[in-house]
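Participant: Have a look at the structure that comes next, please.
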Amino acid sequence: MSGLFGRTLREAPADADSANHQLLLRSGLIVQLAAGVYSFLPPAWTTLLKIEQIIREEMVAAGSQEMRMPAIQPRELWEESGRADSYGPVLFNLKDRRERTMVLAPTHEESVTDLFRKVVQSYRDLPQSVFQMQTKFRDEPRPRGGLVRVREFIMKDAYTFDVNDDAFQLNYLAMRQAYHNIFERCGVPVVAVQADSGAIGGKQSEEFIFLTEIGEDNIILCSGCNYAANQERAEFARGAGAGSVGELTEVETPGITTIEGLAGFLGIPAQATAKAAFFLVDGEPTFAVIRGDLEVNELKLINALDALDARPLLPEEVAEAGWVAGYASPIGVDPVRVVADPSVVDAGGLVAGANRENIHLHNVTYGRDWTAATVADIGTAQPGDTCAQCDGSLEMKRGIELGHIFKLGTRYAEPMEASFLDSDGERRTPIMGCYGIGVERLMAAVVQANHDELGIVWPRAVAPFDVHVVPLGSGDDVASAVSQIESALSATGLSVLVDDRDERAGVKFNDADLLGVPLRITIGSRGLKQGQVELKLRRDVDSSSVPLGDAVASAQNALASLDR
RNA sequence: CGGAGCGUGGCGCAGCUUGGUAGCGCACUUGACUGGGGGUCAAGAGGUCGCCGGUUCAAAUCCGGCCGCUCCGACCA
């Protein structure tokens, strides 16, 4: 250990917030170079290699072949798929010596699709499943949380190609199972949730979420069934509205511009009102209508309109569109510009704006008074809402996305003109899937999920070492016992870290706890006088003494007990 | 990109208001004592106080600009 590259710190650097970040820094496993850019010192690298190996084994078991694609890519490839702009600012751009623009790849759908069209011609070549462990580069607007969101990281990314949807499902389910296996073997509990596919595109996706308060995603979970989804796409039951039946009538509502104020002023529940929210969706002012007690989900709105992006309209843009903030009415608006949530469509008459200052309307009824070209779920699920699958109540937790599996459909193959000749002689477009795991992020999650107040408690499978030998005392008896045990342990295939520093016992014990190797063997002159050494599992409080001659067998037993 | 905070030896911090010798704890080096849960004593090494410019006899300190890092949000795997 005296020769180990890296050093422990007694105090965590002030920049670190979460337990995993503090422990990784204090234990000397990682060192920051820039925002979202880290070095991984030898023990951390060992752990990363072990995690990679677990992933590799599970991917191969799922029928995938390991390969390797380039990190440096011509920008034109990204223009072909249409993502040069949509992925935009996240792409690291650089110029080669001929002034050609290259990008550092943030993901590899484009390159694997390019490979497909160069390599695959016939349905006889399908299905295919390939994966790689590769460094990705993403110029994140805001790196955060230590290893949670970084700009350079290793991703295991896998891609599948199938002749049709049915065949695709087999690959998808195999990957899904592999992912569950991987996270379990790494000692991190995950929940699979429905998710939005984001910039990757495609039709359906599931995220593997490690639930933790330091997470950056909001996860909606049902207490009554196993429904789980990212808040960005979670569904929920609208419940009964509080609509009325009757003629459209005006009511004066001076200075009342919020739903809360309106409901209070009129003495009605928020469910009896309709709310308008204005967005610029792909450059078009858009009028979104939803029941007053609900919130519009921008991502759902984007998806409903098959659009690329949306942002709230600025006040002057609202006026320019001819709408009156606080008193907006869907009546009279070109339906093409209107998106309605089911909560207002089925509700009967609601209180809505009159598109005039200080006036609202009673009994505004969808179908009779106004219509929308698009009716779609654009609501944000909130804790306390009712599950759409059962009658359970929804709750919300924070989580970290460790893996994400996507059904891409023909999102890439189509624009990039990747195809194969099917058995009936027809040229068809392959159904693709992609599957990612952030390796360092997974390591951070392992630490977050496996630590105590003293330090890391590595799960055996990904620990940087199996055994941490702590010699106490400088006598020859200690030295010879240490070297005897070290070589005997090594001979059984265990990796051993010996703390050969001239430090006091307390320092060595504290560093051992911090570093978190699963089994500690203390060899001191005091114990040796009775012919004993001490074994202690990191996760346990108590230690046990065993005869020197039994140390190796006892160590093997202790470690084996961790695997059960 | 909007909001907030922070940059002073490797780490944690004080000093800045009121300009004048850069300081404390830990870590590090050497020696002695000590030796089973972060020891004691002694002697040391290590800092252009983020960078550039300005004010001043004099700037870590005051002023301006820039850069970096962190957090909240936006956005994002």
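Numbering (this note's numbering), first residue to last: 826 to 1389. The beta carbon of each residue, even a glycine, is placed where N, CA and C say it ideally should be. Since we're looking at a predicted model, the values are computed, not measured.
Considering SER1379, what are the terminal residues of the alpha helix (DSSP H) in which it resides?
Facilitator: For the purposes of this step, residue 1379 is identified with residue 554 of the first sequence, where counting begins at 1. Element bounds for SER1379: 1376-1388.
Participant: Excluding sequence positions up to five away, which residues of its chain have a Cβ less than 6 Å from the Cβ of ASN1043?
Facilitator: Taking the first sequence and counting its residues from 1, one reaches residue 1043 at position 218. Contacts found: GLN1056, MET1221.
Participant: Starting from MET1257, follow the alpha helix (DSSP H) in both directions and report where the run begins and ends.
Facilitator: If you number the first sequence from 1, residue 1257 lands on position 432. Taken as a continuous stretch (DSSP letters only), MET1257 belongs to no alpha helix (DSSP H), being part of the beta strand (DSSP E) at 1256-1263.
Participant: Leaving out five residues before and five after LYS943 in sequence, what residues of the same chain have Cβ atoms less than 8 Å from its Cβ?
Facilitator: Counted from its first residue, the first sequence places residue 943 at position 118. Correct list: empty, nothing qualifies.
Participant: My assumption, with CB atoms under 8 Å, is that PHE1112 sits in contact with VAL1158. Please give the rounded CB distance.
Facilitator: Taking the first residue of the first sequence as position 1, residue 1112 is located at position 287. Taking the first residue of the first sequence as position 1, residue 1158 is located at position 333. With 8 Å as the limit, PHE1112 and VAL1158 qualify as a contact, their Cβ atoms being about 5 Å apart.
Participant: My guess is that ILE1115 and THR1098 are in contact by the Cβ rule of under 8 Å, so how many angstroms apart are they, rounded?
Facilitator: Numbered from its first residue, the first sequence carries residue 1115 at position 290. Numbered from its first residue, the first sequence carries residue 1098 at position 273. At roughly 10 Å, the Cβ-Cβ gap does not stay under 8 Å, so ILE1115 and THR1098 are not in contact.
Participant: Hey, quick one: how far does the beta strand (DSSP E) through GLN1019 stretch, first residue to last?
Facilitator: By 1-based counting over the first sequence, the position of residue 1019 is 194. That run of the beta strand (DSSP E) goes 1016-1019.
Participant: Measure the beta-carbon distance from GLU954 to GLN890 and round it to whole angstroms, keeping in mind my assumption that it falls under 8 Å.
Facilitator: If you number the first sequence from 1, residue 954 lands on position 129. If you number the first sequence from 1, residue 890 lands on position 65. Strictly speaking, residue 954 in this sequence is Ser, with Glu absent from that position. Contact flag correct, Cβ pair sits at about 7 Å.
Participant: If you reduce the DSSP assignment to three classes, tell me which class VAL944 lands in.
Facilitator: In the first sequence, the residue the question calls residue 944 occupies position 119. VAL944 falls in the helix class under three-state DSSP.
Participant: May I ask you to list the residues that DSSP assigns as paired with MET884?
Facilitator: For the purposes of this step, residue 884 is identified with residue 59 of the first sequence, where counting begins at 1. In DSSP, MET884 forms no bridge with anything.
Participant: Under the three-state reduction of DSSP, which class applies to ARG1266: helix, strand or coil?
Facilitator: By 1-based counting over the first sequence, the position of residue 1266 is 441. If DSSP states are grouped into helix, strand and coil, ARG1266 belongs with the helices.
Participant: Around the C-beta of SER1168, are 16 or more other C-beta atoms found within 10 angstroms, so that it is buried, or is it exposed?
Facilitator: As a working mapping, residue 1168 is identified with position 343 in the first sequence. By the 10 Å Cβ count, SER1168 comes out buried.
Participant: Kindly indicate the opening and closing residues of the alpha helix (DSSP H) around ALA844.
Facilitator: The residue given as residue 844 occupies position 19 in the first sequence. Counting along the chain, the alpha helix (DSSP H) containing ALA844 begins and ends at 844-851.
Participant: What did DSSP end up calling MET826 once you bin it into helix, strand or coil?
Facilitator: Indexing the first sequence from 1 puts residue 826 at position 1. In the structure shown, MET826 sits in coil (DSSP, three-state: anything other than H, G, I, E or B).
Participant: Starting from the C-beta of VAL1282, find all residues in its chain whose C-beta is less than 7 Å away, skip the five residues before and the five after it, and write them out in chain order.
Facilitator: Stepping through the first sequence from its first residue, residue 1282 is reached at position 457. The residues are ASN1275, HIS1276, GLY1341, ARG1363, ARG1364.
Participant: Whole angstroms is fine: what's the gap from GLU1239's alpha carbon to ALA983's?
Facilitator: Here residue 1239 refers to the residue found at position 414 of the first sequence. Here residue 983 refers to the residue found at position 158 of the first sequence. In a straight line, the C-alpha of GLU1239 is about 19 Å away from that of ALA983.
Participant: Select from GLY1064, VAL1070, LEU1091, ASP990 the residue whose C-alpha is nearest the C-alpha of GLU1077.
Facilitator: Counted from its first residue, the first sequence places residue 1077 at position 252. Residue LEU1091 is the option with its Cα nearest to GLU1077.
Participant: On the DSSP bridge list, what partners appear for GLU1220?
Facilitator: Locating residue 1220 in the first sequence gives position 395, counting from the first residue. Paired residues: LEU1046.
Participant: Which stretch, first to last residue, makes up the beta strand (DSSP E) that contains GLU1077?
Facilitator: Working through the first sequence from its first residue, we reach residue 1077 at position 252. It spans 1074-1077 - the beta strand (DSSP E) in which GLU1077 sits, taken as one unbroken run.
Participant: Name the two residues that bound the continuous alpha helix (DSSP H) containing ILE1310.
Facilitator: For the purposes of this step, residue 1310 is identified with residue 485 of the first sequence, where counting begins at 1. Unbroken alpha helix (DSSP H) run through ILE1310: 1301-1316.
Participant: Specify the secondary structure class of LEU1227 as computed by DSSP and reduced to three states.
Facilitator: Residue mapping note: residue 1227 aligns to position 402 of the first sequence, counting from 1. The answer is strand: DSSP assigns LEU1227 an E or B state.
Participant: Using the Cα positions of THR926 and ASN1382, report the straight-line distance between them to the nearest angstrom.
Facilitator: Translated into positions along the first sequence, residue 926 becomes position 101. Translated into positions along the first sequence, residue 1382 becomes position 557. Straight-line Cα distance between these residues: approximately 58 Å.
Participant: Is it the case that the region 860-872 contacts the region 1327-1339, given that we only count it when at least three CB pairs across the two stretches are under 8 Å?
Facilitator: Flag = no, the region 1327-1339 and the region 860-872 do not touch.
Participant: I'd like to know whether the C-beta atoms of MET892 and GLN957 end up nearer to each other than 8 Å.
Facilitator: Along the first sequence, one-based indexing puts residue 892 at 67. Along the first sequence, one-based indexing puts residue 957 at 132. Yes.
Participant: Under 8 Å, do ALA1150 and ALA1003 count as touching if we go by C-beta distance?
Facilitator: If you number the first sequence from 1, residue 1150 lands on position 325. If you number the first sequence from 1, residue 1003 lands on position 178. In this structure, ALA1003 does not lie closer than 8 Å to ALA1150 by Cβ.
Participant: Would you grab the beta carbon distance between GLN1214 and TYR1052 for me? Rounded to a whole angstrom, and I think it's under 8 Å.
Facilitator: The count along the first sequence starts at 1 and reaches residue 1214 at position 389. The count along the first sequence starts at 1 and reaches residue 1052 at position 227. Going by Cβ atoms, the distance from GLN1214 to TYR1052 rounds to 5 Å, so yes, they are a contact pair.
Participant: Rounded to whole angstroms, what's the CA-CA distance from MET990 to ILE1256? Just pull it up for me.
Facilitator: On the first sequence, residue 990 is found 165 positions in, with the first residue counted as 1. On the first sequence, residue 1256 is found 431 positions in, with the first residue counted as 1. Here residue 990 turns out to be Asp, not Met, going by the sequence shown. The alpha-carbon atoms of ASP990 and ILE1256 are separated by roughly 7 Å.
Participant: Checking 8 Å against the spacing of the C-beta atoms, do PHE986 and VAL1015 come in under that value?
Facilitator: As a working note, residue 986 is residue 161 in the first sequence. As a working note, residue 1015 is residue 190 in the first sequence. No, the Cβ-Cβ distance between PHE986 and VAL1015 is not below 8 Å.
Participant: Using the beta-carbon count (16 or more within 10 Å), is LYS920 buried or exposed?
Facilitator: Here residue 920 is taken as the residue at index 95 of the first sequence, counted from 1. Label assigned to LYS920: exposed.
Participant: Rounding to the nearest angstrom, what Cα-Cα distance links LYS961 and THR1037 in this structure?
Facilitator: Here residue 961 refers to the residue found at position 136 of the first sequence. Here residue 1037 refers to the residue found at position 212 of the first sequence. Approximately 25 Å, taken between the alpha carbons.
Participant: Return the residue from the list LEU1314, ASP1291, LEU1219, GLU1251 that minimises the CA-CA distance to SER1048.
Facilitator: For this step, residue 1048 is matched to residue 223 along the first sequence. Checking every option, the nearest Cα to that of SER1048 belongs to LEU1219.
Participant: Kindly give me the distance between the Cβ atoms of GLY1117 and GLN1096, rounded to whole angstroms, as I take these residues to be in contact under 8 Å.
Facilitator: As a working mapping, residue 1117 is identified with position 292 in the first sequence. As a working mapping, residue 1096 is identified with position 271 in the first sequence. With a Cβ gap of about 7 Å, GLY1117 and GLN1096 count as contacting.
Participant: Under 8 Å by Cβ, that's how I've got VAL1307 and VAL1292 pegged, so tell me the actual separation to the nearest angstrom.
Facilitator: Locating residue 1307 in the first sequence gives position 482, where the first residue counts as 1. Locating residue 1292 in the first sequence gives position 467, where the first residue counts as 1. Actually they do not touch by this definition, with Cβ atoms about 12 Å apart.
Participant: Assuming GLY971 contacts SER843 under a Cβ cut-off of 8 Å, what Cβ separation, rounded to an integer in Å, is found between them?
Facilitator: Indexing the first sequence from 1 puts residue 971 at position 146. Indexing the first sequence from 1 puts residue 843 at position 18. 6 Å between Cβ atoms; contact.
Participant: Spatial neighbours of ARG1252 within its chain, please: C-beta separation below 7 Å, excluding the five flanking residues on both sides.
Facilitator: Counting from one through the first sequence, the residue named residue 1252 turns up at place 427. So the qualifying residues of the chain are SER1244, LEU1246.
Participant: Taking DSSP's pairing of strands, which residues face TRP1148 in a bridge?
Facilitator: Here residue 1148 refers to the residue found at position 323 when the first sequence is read from its first residue. TRP1148 pairs with nothing; no bridge assigned.
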